[in-house]
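Q: This structure is in structure tokens; I'll ask about it shortly.
Number of protein chains: 2
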Amino acid sequence: MKKDLTILITNDDGYRAKGFQAMIELASHFGKVIGVAPKQAQSGKSQALTICDKVYVKKQIDQDEITIYSLDGTPVDCIKFAMDHLLENQKIDLVLSGINHGSNAGVNVVYSGTMGAALEASLYGIPSIGLSLLNIDDNADFQTVVRYSKMLIEKILLTDNLEGVCFNINFPDIKFEQIKGVRVSQQTKSMWKESFTPLSEQDGEICYMVQCTFQNMEPDQSKSDEWALNNGYVSIVPIQMDKTSYKDLQKVCSIFESETTINV
Amino acid sequence: MKKDLTILITNDDGYRAKGFQAMIELASHFGKVIGVAPKQAQSGKSQALTICDKVYVKKQIDQDEITIYSLDGTPVDCIKFAMDHLLENQKIDLVLSGINHGSNAGVNVVYSGTMGAALEASLYGIPSIGLSLLNIDDNADFQTVVRYSKMLIEKILLTDNLEGVCFNINFPDIKFEQIKGVRVSQQTKSMWKESFTPLSEQDGEICYMVQCTFQNMEPDQSKSDEWALNNGYVSIVPIQMDKTSYKDLQKVCSIFESETTINV
Chain A
0 MKKDLTILIT NDDGYRAKGF QAMIELASHF GKVIGVAPKQ AQSGKSQALT
50 ICDKVYVKKQ IDQDEITIYS LDGTPVDCIK FAMDHLLENQ KIDLVLSGIN
100 HGSNAGVNVV YSGTMGAALE ASLYGIPSIG LSLLNIDDNA DFQTVVRYSK
150 MLIEKILLTD NLEGVCFNIN FPDIKFEQIK GVRVSQQTKS MWKESFTPLS
200 EQDGEICYMV QCTFQNMEPD QSKSDEWALN NGYVSIVPIQ MDKTSYKDLQ
250 KVCSIFESET TINV
Chain B
0 MKKDLTILIT NDDGYRAKGF QAMIELASHF GKVIGVAPKQ AQSGKSQALT
50 ICDKVYVKKQ IDQDEITIYS LDGTPVDCIK FAMDHLLENQ KIDLVLSGIN
100 HGSNAGVNVV YSGTMGAALE ASLYGIPSIG LSLLNIDDNA DFQTVVRYSK
150 MLIEKILLTD NLEGVCFNIN FPDIKFEQIK GVRVSQQTKS MWKESFTPLS
200 EQDGEICYMV QCTFQNMEPD QSKSDEWALN NGYVSIVPIQ MDKTSYKDLQ
250 KVCSIFESET TINV
């Protein structure tokens, strides 16, 4: 594998996160690393972006082959700043986002800032990969993810025509030797059920603590990313920006038939 | 049309927004209205949600058929609070989100808090509709949207098997008589190009002002929501939570063939 690539990295746990340090190590394996990551943790920020407002950027690491900036904004802002400003005329070979502290499988992918950034990068026609470990601990051990991801990324870099393809890759929190392989999967149909516990009240405004429980509602388990992860596989799901529900198009056309110029 | 329905409403511009007042008027046409909307503007918040943290809720309107709460959190939080706590054992017939000040066509749908809330509601198996007007002005006139939406919502309410279908409906900013009809469309392939203008610097941290320009990259214009809106139609796009890129599954399977248990 050539080591003359330029890799853009980001995450949603912030530039100080242990998972981001692991990402710097991983990306350095493939070439020059440029990172723009949130100043503060931005978990759950989905594809949020800053519109007509200010962002604050500071260079945090300035070495020969590794340059890292912090940005006071969302993960998508980090990609926009990198692609539209910092690296505007530079060729980027690959975008890596993570390594995330916690799962981005199932419905988590829609709330994830890490995957929001990876998707945003794919709009620029670059292959992008989000990497996540099923361990939310600040001190999680990312060495298995780093070691295994090197193999996966080499395969991706050797493949043509992946412009704009975005990979959502999740790792079970098990030892390298225990991983059974990878499984290309689909996003598990799932949701978070939340509970709201009232804590206090002031001037009629009630403060609630929010807690969440994951619900798996997938009718076809064996194809799903949750199944892969629960059975010792690394799950890989290609994801996309297009939210159009093509399966519903005909049904929706028929509702409005009388006044629709249908062309789908 | 029966008027004994229960309608849950929210938005991303905040409960004080003019578009939300128009939504209360629209929803009241169909029955009892319960609203949970952000305390502050939450535009661009996408599907961000609050995890294991606090939210603050206050009743703002308490009338016979209209109850409105403000919630200090994201649009998705508003739906979670309404569905998992406030209305846990109540039947909700329809969820309406908006009326948004500004377009949620094209790539805007992925950043939109209004559409994030509508999508979240669809997870609960309820038909949900996001309504947006192509006018970002605080004082935009929503009367055409209200009048036209009544007809569209009546059609949707008369249709069976729409559990979990989410409609992204955008209105051009033109007079009622000028609307040519509705056009069921697909999300326009598009992106925002951002510019970052440095304003000031402190301790090595640079403050940039962010500005955005919309780029339409759709190869098949006539099927797209942007085309519909630019040509005097109301655009309707069914959207979904599943981000899996099914068109890329086979390609991705082939990359990892040697170590994949493929089952897609």
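Order-wise, the sequence lines are chains A and B. With numbering that gives the first Met the number 0, the residue at position 85 of the first sequence is 84, and numbering never jumps. With numbering that gives the first Met the number 0, the residue at position 76 of the second sequence is 75, and numbering never jumps. Virtual Cβ for every residue (Gly too), placed ideally from N, Cα, C.
1) Name, please, each residue of chain A whose Cβ falls closer than 9 Å to the Cβ of B:K17.
2) Does the separation of the CB atoms of B:S96 and B:N167 fall below 7 Å?
3) Starting from B:A36, follow the beta strand (DSSP E) in both directions and report where the run begins and ends.
4) Is DSSP giving B:S27 helix, strand or coil here?
5) Using a 10 Å radius around the Cβ and a threshold of 16 neighbouring Cβ atoms, would you call A:F175 buried or exposed?
6) Would you say B:F255 reaches chain A, if we count a Cβ-Cβ gap shorter than 7 Å as a contact?
7) Could you tell me whether the Cβ of A:D137 comes closer than 7 Å to any Cβ of chain B?
8) Alpha carbon to alpha carbon, how far is A:S257 from B:G129?
9) Quick one, which of B:Y123, B:L161, B:E225 has its alpha-carbon nearest A:K250's?
10) What three-state label does DSSP hand A:L161 in the structure shown?
11) Count the other C-beta atoms from every protein chain shown that fall within 10 angstroms of the C-beta of B:R146, then say buried if there are 16 or more, exposed otherwise.
12) Let me know if B:Q41 comes out buried or exposed under the rule of 16 or more other beta-carbons within 10 Å of its beta-carbon.
13) Using the C-alpha atoms, what's the distance from A:I65 back to A:L85?
14) How big is the Cα-Cα spacing for A:F255 and B:T243?
15) Using a beta-carbon distance cut-off of less than 9 Å, what residues from the segment 42-68 of chain B approach chain A?
16) Counting only the same chain and skipping the five closest in sequence on each side, list residues whose C-beta sits under 6 Å from that of A:Q210.
17) List, in chain order, every chain A residue whose beta-carbon is nearer than 8 Å to that of B:P237.
18) Does the Cβ of B:I67 have 16 or more other Cβ atoms within 10 Å, making it buried, or fewer, making it exposed?
19) Mapping the DSSP letters down to three states, classify B:D71 as helix, strand or coil.
20) B:T260 CB to nearest chain A CB: under 7 Å?
21) Using a C-beta to C-beta distance shorter than 7 Å, which residues of chain B count as neighbours of A:V108?
22) With DSSP run on the structure shown, which of helix, strand or coil describes B:L7?
23) Measuring CB to CB, does A:L122 end up less than 7 Å from A:D172?
24) Just tell me which of A:A21, A:R182, A:C206 has its CA closest to the CA of A:I98.
25) Beta-carbon of A:F195 versus every beta-carbon of chain B: anything under 7 Å?
26) A:C211 by DSSP, collapsed to three states: which one?
27) Would you grab the beta carbon distance between A:T187 and A:N169 for me? Rounded to a whole angstrom, and I think it's under 8 Å.
28) Look at B:L4 and B:F29 and say whether their C-beta atoms are less than 7 Å apart.
29) Taking three-plus beta-carbon pairs below 8 Å as touching, is the segment 72-87 of chain A in contact with the segment 110-126 of chain A?
30) So A:T158 contacts chain B; which residues on that side make the cut at Cβ distance below 7 Å?
31) Residues of the segment 80-92 of chain A with a CB closer than 7 Å to any CB of chain B: list them in chain order, please.
32) I need the straight-line Cα distance from A:V106 to A:E217, nearest angstrom please.
33) Can you list, in chain order, the stretches of the alpha helix (DSSP H) that have 4 or more residues and sit fully within the segment 130-200 of chain B?
34) Within 10 Å of its beta-carbon, does A:N138 have 16 or more other beta-carbons around it, so buried, or fewer, so exposed?
35) Helix, strand or coil for B:N99? Go by DSSP, reduced to three states.
36) Give me the subset of the segment 203-223 of chain A whose CB atoms are less than 7 Å from a CB atom of chain B, sorted by chain position.
A: Let me spell this out:
1) Residue numbering aside, residue 17 of chain B sits at position 18 when the second sequence is read from its first letter. Neighbours of B:K17 on chain A: none; closest Cβ ~19 Å, over 9 Å.
2) Residue mapping note: residue 96 of chain B aligns to position 97 of the second sequence, counting from 1. Residue mapping note: residue 167 of chain B aligns to position 168 of the second sequence, counting from 1. No, the pair does not count as a contact, with Cβ atoms beyond the cut-off.
3) Here residue 36 of chain B refers to the residue found at position 37 when the second sequence is read from its first residue. Its beta strand (DSSP E) spans residues 30-37.
4) Within the second sequence, numbered from 1, the residue matching residue 27 of chain B stands at position 28. Correct three-state label for B:S27: helix.
5) If you number the first sequence from 1, residue 175 of chain A lands on position 176. It counts as exposed.
6) In the second sequence, counting from the first residue as 1, residue 255 of chain B sits at position 256. Chain A contact via Cβ: present.
7) Along the first sequence, read from residue 1 onward, the residue named residue 137 of chain A stands at position 138. No, because no Cβ of chain B sits closer than 7 Å to the Cβ of A:D137.
8) Position 258 of the first sequence, counting from 1, holds the residue named residue 257 of chain A. Position 130 of the second sequence, counting from 1, holds the residue named residue 129 of chain B. Its pLDDT being 45, under 50, A:S257 is placed unreliably by the model, and the measurement read from it follows with that caveat. Straight-line Cα distance between these residues: approximately 22 Å.
9) For the purposes of this step, residue 250 of chain A is taken as residue 251 along the first sequence, with counting starting at 1. Among B:Y123, B:L161, B:E225, the Cα nearest to that of A:K250 is on B:L161.
10) By 1-based counting over the first sequence, the position of residue 161 of chain A is 162. Coil at A:L161, not helix or strand.
11) Within the second sequence, numbered from 1, the residue matching residue 146 of chain B stands at position 147. Looking at its Cβ environment, which holds fewer than 16 other Cβ atoms inside 10 Å, B:R146 is exposed.
12) To locate residue 41 of chain B, count along the second sequence from 1; it is residue 42. Counting other Cβ atoms within 10 Å of its Cβ, B:Q41 reaches 16 or more and is therefore classed as buried.
13) Here the question's residue 85 of chain A lines up with position 86 in the first sequence. Here the question's residue 65 of chain A lines up with position 66 in the first sequence. When rounded, the distance between both Cα atoms is 14 Å.
14) The residue you call residue 255 of chain A lines up with position 256 of the first sequence. The residue you call residue 243 of chain B lines up with position 244 of the second sequence. Straight-line Cα distance between these residues: approximately 28 Å.
15) Per Cβ criterion, the list reads S42, G43, K44, S45, Q46, A47, L48, T49, I50, C51, D52, K53, V54, Y55, V56, K57, K58.
16) Taking the first residue of the first sequence as position 1, residue 210 of chain A is located at position 211. If we look at A:Q210 and ignore the five residues flanking it on each side, its Cβ neighbours are S194.
17) Position 238 of the second sequence, counted from the first residue, corresponds to residue 237 of chain B. Those are T243, S244, D247, L248, K250, V251, listed as they occur along chain A.
18) Your numbering for residue 67 of chain B matches position 68 in the second sequence. Buried, since its Cβ has 16 or more Cβ neighbours within 10 Å.
19) Position 72 of the second sequence, counting from 1, holds the residue named residue 71 of chain B. It is coil, neither helix nor strand.
20) For the purposes of this step, residue 260 of chain B is identified with residue 261 of the second sequence, where counting begins at 1. Model confidence at B:T260 stands at a pLDDT of 44, short of 50, so the residue's coordinates are unreliable and nothing is read from them.
21) For this step, residue 108 of chain A is matched to residue 109 along the first sequence. The answer, in chain order, is K242.
22) Against the second sequence, residue 7 of chain B aligns to sequence position 8. Note: B:L7 maps to strand in three-state DSSP.
23) For the purposes of this step, residue 122 of chain A is identified with residue 123 of the first sequence, where counting begins at 1. For the purposes of this step, residue 172 of chain A is identified with residue 173 of the first sequence, where counting begins at 1. Cβ atoms of A:L122 and A:D172: not closer than 7 Å.
24) Taking the first residue of the first sequence as 1, we reach residue 98 of chain A at position 99. Of the listed residues, the one whose Cα sits closest to A:I98 is A:A21.
25) Taking the first residue of the first sequence as 1, we reach residue 195 of chain A at position 196. Yes, because at least one Cβ of chain B sits closer than 7 Å to the Cβ of A:F195.
26) Position 212 of the first sequence, counted from the start, is the residue given in the question as residue 211 of chain A. Strand at A:C211.
27) As a working note, residue 187 of chain A is residue 188 in the first sequence. As a working note, residue 169 of chain A is residue 170 in the first sequence. So it is not a contact: roughly 11 Å between Cβ atoms.
28) What you label residue 4 of chain B is simply residue 5 of the second sequence in a count that begins at 1. What you label residue 29 of chain B is simply residue 30 of the second sequence in a count that begins at 1. Yes; because the gap between Cβ atoms is below 7 Å, this pair is in contact.
29) yes
30) As a position in the first sequence, residue 158 of chain A is number 159, starting the count at 1. Chain-ordered, the chain B residues with CB closer than 7 Å to the CB of A:T158 read I254.
31) F80, D83, H84
32) The sequence position of residue 106 of chain A within the first sequence is 107, counting from 1. The sequence position of residue 217 of chain A within the first sequence is 218, counting from 1. Near 11 Å, if we compare the C-alpha coordinates of A:E217 and A:V106.
33) 142-156
34) As a first step, residue 138 of chain A must be located in the first sequence, where it is residue number 139. Its Cβ having fewer than 16 others within 10 Å, A:N138 is exposed.
35) What you label residue 99 of chain B is simply residue 100 of the second sequence in a count that begins at 1. The answer is strand: DSSP assigns B:N99 an E or B state.
36) Taking 7 Å as the Cβ-Cβ cut-off against chain B, the residues of the segment 203-223 of chain A that qualify are G203, E204, I205, C206, Y207, M208, V209, Q210, C211, S221, K222.
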